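First residue of the sequence shown: 2, per our numbering; consecutive thereafter. Don't be surprised by glycine CBs; every beta carbon is placed ideally from N, CA and C. The model shown is predicted, which means the values in this text are computed figures rather than measured ones. Written below as structure tokens is the structure these notes are about.
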Amino acid sequence: MSGHWRADQDSIKRTVQDILESGKDLIQVKPILSGNFEAWFELETGLDRQMAYKFIQAAEKFGDGMYNNYTSLSPTVLYLISAPSTPETVVTQAIEKAESGEKVTVADVKEWKQRCEEFRKESNDRRLKIRDLEAKIDLLSGQLADAKPEIIEKLPDDYEELKKRSAEAQAELETIALTRRPNNWVRSRQRSSCVTFYRILENSNIKG
């Protein structure tokens, strides 16, 4: 069975091209070996089974040659940007930097991932705040609708204040989407969850 896989314990090289080629072969071998795949990989290579999945993930993401300069990336960076948990905007950032001739480091990738996570959390917090304000406005609106007309002379002060705060929160959320976006993110490829956040934020409106 090892003849179906070109990389063995003696010939594996930690170059990006070798990793991608090995990953492609592992993708073909895995279904044949079924439940014995991990044990076979460790026996044949002497490597931890997690390395097999790193090879496979890298091949699945970059094995089709969609990026011309992926070979300039280090193996460690390749593993990081191939991981399912890495947002596509981070992948795009790494590839664009590599294509420009700059070196992409592990620290770069970790920083981009952290920024993306911070933006996601902040956006979620703002959305929850807006949702809470809208719920309070809806509650007051319902109370006003159920009240007797002769008792209502003007809208409660709290009602207008809540509407104002909701509008301010929405404006602040839109500002974050424009100003907190990491530099050079998503120029031609907008395929990540963070990109989805930007679109949602730019198109969302608060109920009046």
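Which residue from Gln144, Lys111 and Asn37 puts its Cα closest to that of Thr87?
If you number the sequence shown from 1, residue 87 lands on position 86. Of Gln144, Lys111 and Asn37, the residue nearest in Cα terms is Lys111.
Are there 16 or more other CB atoms within 10 angstroms of the CB of Thr90, so buried, or fewer, so exposed?
Against the sequence shown, residue 90 aligns to sequence position 89. With 16 or more other Cβ atoms within 10 Å, it is buried.
In whole angstroms, what is the alpha-carbon distance linking Ile138 and Gln144?
The count along the sequence shown starts at 1 and reaches residue 138 at position 137. The count along the sequence shown starts at 1 and reaches residue 144 at position 143. Using only the alpha carbons, I get a separation of about 10 angstroms.
What does the alpha-carbon distance come out to for the pair Asp49 and Cys117?
Taking the sequence shown and counting its residues from 1, the one referred to as residue 49 is at position 48. Taking the sequence shown and counting its residues from 1, the one referred to as residue 117 is at position 116. Cα-Cα distance, rounded: 30 angstroms.
Mind checking which residues open and close the alpha helix (DSSP H) that includes Asp26?
In the sequence shown, the residue the question calls residue 26 occupies position 25. Here the alpha helix (DSSP H) through Asp26 covers Val17 to Leu34.
Just to confirm before moving on: does the CB-CB distance between Ala53 and Leu74 stay below 8 angstroms?
The sequence position of residue 53 within the sequence shown is 52, counting from 1. The sequence position of residue 74 within the sequence shown is 73, counting from 1. Taking 8 angstroms as the Cβ cut-off, Ala53 and Leu74 do not qualify as a contacting pair.
Can you grab the Cα-Cα spacing for the pair Lys122 / Ala40, in whole Å?
Taking the sequence shown and counting its residues from 1, the one referred to as residue 122 is at position 121. Taking the sequence shown and counting its residues from 1, the one referred to as residue 40 is at position 39. About 39 angstroms.
What residue does the alpha helix (DSSP H) around Asn125 start on, and which one ends it?
Here residue 125 refers to the residue found at position 124 when the sequence shown is read from its first residue. Unbroken alpha helix (DSSP H) run through Asn125: Val107 to Asp147.
I'd like to check one pair, Ala172 with Leu131: are the Cβ atoms closer than 8 angstroms?
For the purposes of this step, residue 131 is identified with residue 130 of the sequence shown, where counting begins at 1. For the purposes of this step, residue 172 is identified with residue 171 of the sequence shown, where counting begins at 1. Before going further, note that residue 131 is Ile rather than Leu in the sequence given. No; because the gap between Cβ atoms is not below 8 angstroms, this pair is not in contact.
Beta-carbon proximity list for Leu44, same chain, < 7 angstroms, skipping 5 on both sides:
What you label residue 44 is simply residue 43 of the sequence shown in a count that begins at 1. Around Leu44: no qualifying Cβ.
For Leu21, count neighbouring Cβ atoms within 10 angstroms of its own Cβ and tell me buried if that reaches 16, exposed if not.
The residue labelled residue 21 in the question sits at position 20 within the sequence shown. Leu21 comes out buried.
Between Ser83 and Ala59, which are expected to be in contact by the criterion C-beta below 8 angstroms, what is the C-beta distance as a whole number of angstroms?
For this step, residue 83 is matched to residue 82 along the sequence shown. For this step, residue 59 is matched to residue 58 along the sequence shown. Indeed they touch by this definition, with Cβ atoms about 4 angstroms apart.
When burial is assigned at 16 or more other CB atoms within 10 Å of the CB, is Gly36 buried or exposed?
Numbered from its first residue, the sequence shown carries residue 36 at position 35. Exposed, since its Cβ has fewer than 16 Cβ neighbours within 10 Å.
Range covered by the alpha helix (DSSP H) that runs through Ser73:
Within the sequence shown, numbered from 1, the residue matching residue 73 stands at position 72. Element bounds for Ser73: n/a, residue is neither H nor E.
Alpha carbon to alpha carbon, what distance is there between Ala136 and Asp159?
By one-based count along the sequence shown, residue 159 stands at place 158. By one-based count along the sequence shown, residue 136 stands at place 135. Cα to Cα, the separation comes out at about 13 angstroms.
Output the distance between the C-alpha atoms of Leu163 and Leu134, rounded to the nearest integer angstrom.
The residue you call residue 163 lines up with position 162 of the sequence shown. The residue you call residue 134 lines up with position 133 of the sequence shown. Spanning the two alpha carbons is a distance of roughly 6 angstroms.
How would you write the range of the alpha helix (DSSP H) that Leu48 sits in, first residue to last?
To locate residue 48, count along the sequence shown from 1; it is residue 47. No alpha helix (DSSP H) contains Leu48, which DSSP labels as neither H nor E.
Sub-8 angstroms separation of Gly64 and Gly102 beta-carbons:
Numbered from its first residue, the sequence shown carries residue 64 at position 63. Numbered from its first residue, the sequence shown carries residue 102 at position 101. Cβ atoms of Gly64 and Gly102: not closer than 8 angstroms.
Would you identify the three-state DSSP class for Glu39, choosing helix, strand or coil?
For the purposes of this step, residue 39 is taken as the residue at position 38 of the sequence shown. Reduced to three states, the DSSP call for Glu39 is helix.
Lys104 lies in the alpha helix (DSSP H); which residues open and close that run?
If you number the sequence shown from 1, residue 104 lands on position 103. Counting along the chain, Lys104 falls outside any alpha helix (DSSP H), and DSSP gives it neither H nor E.
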